[in-house]
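Student: Residue numbers (the working numbering): 57 to 316. Using N, Cα and C, we set each Cβ at its ideal position, and we do this for glycine too. Just so it is clear, the structure is predicted and the values come from calculations on it, not from any experiment. A single structure is presented below for examination.
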């Protein structure tokens, strides 16, 4: 996976990413599905995600060539705390005035449909081949797993969570595979590293202690898995509990709100 912080001062290109099947047919390791967590947004800030209505491949080609793809995109206002899951094949874009965290499959496969006259290459053939040229299916929802864990996105490629840990508490993070953490608020010692707002930690398996500071800790966590890992976070001194039971967390799609 890759974790990025994006700051948009101008509109970014309208683009689409391939899924694993197409990417591997082109000699790449995998495609790219991604998720955004909006850290801040100006009052009129918008994202483009999906199209207003379904179009044919021929109509999509025409919209790429004459620039009318900008009007076809479904533009939505965003605010701090919004969560957006973008499955591979979704046409998407970022407008100006947004700061966000992006977690994605590790891939550089990007096909541009429109670039606001910057002169960079467009990728009409590949974009049309991989695009789901219609609206993004709605229904994404945030799910509270425990008092400390909120599932923001649960996809077949990765899980994206928000942790809210009380002041002065001690925890163990059991990272079975690569795990990213980004601090949103508060501070803590994670393993041997002191972290505060805006700092990221990468764990590649094993156990890491978390000693939470006096102001508590709010952090984003992402790891590759098809479902939330039940034992990811354990309070020190407390018994391990099967948090998920037999109830699966549905795959997330679209834009959802995080309530604090």
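I'd like to know whether the C-beta atoms of residue 276 and residue 197 end up nearer to each other than 8 Å.
Tutor: Not a contact, by the Cβ cut-off of 8 Å.
Student: Can you grab the Cα-Cα spacing for the pair residue 295 / residue 57, in whole Å?
Tutor: Unreliable positioning characterises residue 295 in this predicted model, as indicated by a pLDDT of 43, which lies under 50. A coordinate reading is not provided.
Student: So residue 264 and residue 246 are supposed to be a Cβ contact under 8 Å. How far apart are they, rounded?
Tutor: That pair is a contact at about 6 Å.
Student: Please report the distance separating the alpha-carbon of residue 281 from that of residue 98.
Tutor: Residue 281 and residue 98: Cα-Cα distance of roughly 33 Å.
Student: Determine which residues share a DSSP beta bridge with residue 291 and list them.
Tutor: Note: residue 291 sits in a beta bridge opposite 227.
Student: Return the residue from the list 168, 260, 136, 154 that minimises the CA-CA distance to residue 146.
Tutor: It is 168 whose Cα lies nearest to the Cα of residue 146.
Student: Restricting to Cα atoms, I'd like to know which of 289, 241, 118 is closest to residue 274.
Tutor: Of the listed residues, the one whose Cα sits closest to residue 274 is 241.
Student: List, from N- to C-terminal side, the alpha helix (DSSP H) runs of 4 residues or more that fit wholly inside the region 101-131.
Tutor: Runs of the alpha helix (DSSP H) inside the region 101-131: 113-122, 125-128.
Student: Measure the beta-carbon distance from residue 189 to residue 141 and round it to whole angstroms, keeping in mind my assumption that it falls under 8 Å.
Tutor: The Cβ separation is near 19 Å, so there is no contact.
Student: Taking the alpha carbon of residue 233 as the point to measure from, which residue in 214, 227, 248, 251 has its own alpha carbon closest?
Tutor: With distances taken between Cα atoms, residue 233 lies closest to 214.
Student: Taking residue 138 as part of the beta strand (DSSP E), name the residues at either end of that continuous run.
Tutor: 138-142 is the extent of the beta strand (DSSP E) around residue 138.
Student: Let me make sure I understand the geometry here. Which of 254, 166, 279 has the alpha-carbon closest to that of residue 212?
Tutor: Comparing Cα-Cα distances from residue 212 to each of 254, 166, 279, the minimum goes to 279.
Student: What residue from 115, 123, 185, 62 has the CA that sits closest to residue 70's CA?
Tutor: With distances taken between Cα atoms, residue 70 lies closest to 123.
Student: If you pair each beta-carbon of the region 251-261 with each one of the region 224-239, do three or more pairs fall below 8 Å?
Tutor: Flag = yes, the region 251-261 and the region 224-239 touch.
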